[in-house]
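Enquirer: Mapping of the sequence shown onto full-length UniProt numbering: position 91 corresponds to residue 91, and the numbering continues sequentially without gaps. There's a structure below that I have some questions on.
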Amino acid sequence: MPKAFYSYPDALVFRGIYEVLSKIIDEVNIDIKDDGIVIRATDPAQVAYMEVEIPSHAFTQFSVEEAGDYGLVVSTINKALKSAKRGFRLDTKVEGDEVQFIIVGAIKKTFLFRAIAVPKPELNLEALSFAAKSTILVEAMKNALKDIELVSDKVIIEQENSEVLRLKGAGETKYALTISRSSGAVIDMSGEGKIVSSYNVDYLVNILPLLKVSDTMTLEFIENGPLKATIDIPTGGRVTFLLAPYVG
């Protein structure tokens, strides 16, 4: 088991991470390295994979006596972090099979958890290739997902060249949100031709709490293939969410 102490200035970031994880999986693997931590999880159906990378420089304190990985039950962490508020920091102490989460704000709260063995998901995100890429304002994504959830169980993502991105839902009621460079909601876009793929809207709605930590997100996908959503954390770090295409 690893032995380490690290302090993160914004406990709300970790609250959002574990809130999303609690909707997808039961257990998570945390890998502590000399240059930061990596949180990895795959849902039981192997439809979704989530990876959180936070470099050591993003922490106000980061000390590793012994590197290694450990696991935690996500539901218990999620309940504990609900008390985190804006301006609170999160200290984490790992020693043997004991893990302390210390929420420091107006008062200090300490939660003690038992580390468990959770296999480390092995997925090389760098090996994946995509045909379309768009960096957009998260507000556009939030609005689209909330609307599509009301009319359909899948979201259709369609990109035309490097000019237009459409998010559509098709049920008894049809819905479409068009995001173009002229709309002001596109930061960057690249791709050739028309690329279309569909994804389970519930999985994407589950990541909405993470969109509170950043103003932008990047979507990458291929025709009838996986979707990669990347959210950069302003205080340091990155969240990557990989989702298999919709089947049905």
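In this text, a Cβ means the ideal position worked out from N, Cα and C, and glycines have one as well. Note that this is a predicted model, so its numbers are computed, not measured.
1. Can you have a look at Ser198 and say buried or exposed, based on whether 16 or more other CB atoms are within 10 angstroms of its CB?
2. Any chance you could list the beta strand (DSSP E) runs of at least 3 consecutive residues sitting entirely within the stretch 58-110, in chain order?
3. Taking the C-alpha atoms as reference points, what is the distance between Leu125 and Ala106?
4. So, with DSSP's three-state summary, where would you put Gly36?
5. Is it true that the stretch 72-92 meets the stretch 103-123, where meeting means three or more beta-carbon pairs spaced less than 8 Å apart?
6. If you run the structure through DSSP and keep just helix, strand and coil, what is Val155?
7. In whole angstroms, give me the CA-to-CA distance for Gly171 and Phe62.
8. Which runs of the beta strand (DSSP E) at least 3 residues long sit entirely within the stretch 177-216? Give them in chain order.
9. Taking only the alpha-carbon atoms, compute the straight-line gap between residue 249 and Ala58 and give it to the nearest angstrom.
10. Taking Cβ positions, are residue 268 and Ala41 nearer each other than 9 Å?
Expert: Let me spell this out:
1. Buried: at least 16 other Cβ atoms inside 10 Å.
2. Within the stretch 58-110, the complete beta strand (DSSP E) segments at least 3 residues long are 61-66, 68-73, 89-95 and 98-104, listed from N- to C-terminus.
3. Their Cα atoms are separated by approximately 40 Å.
4. DSSP places Gly36 within a strand segment (E or B) once states are collapsed to three.
5. Look at the beta carbons and you see the stretch 72-92 touching the stretch 103-123: at least three pairs across the two are nearer than 8 Å.
6. Val155: strand per DSSP, three-state reduction.
7. Roughly 49 Å separates the two Cα atoms.
8. For the stretch 177-216, whole beta strand (DSSP E) runs of length 3 or above, ordered along the chain, are 186-191 and 194-200.
9. Residue 249 lies beyond the stretch modelled for the chain, which goes from 1 to 248, so this question has no answer here.
10. Since the displayed the chain opens at 1 and closes at 248, residue 268 lies outside it and no answer follows.
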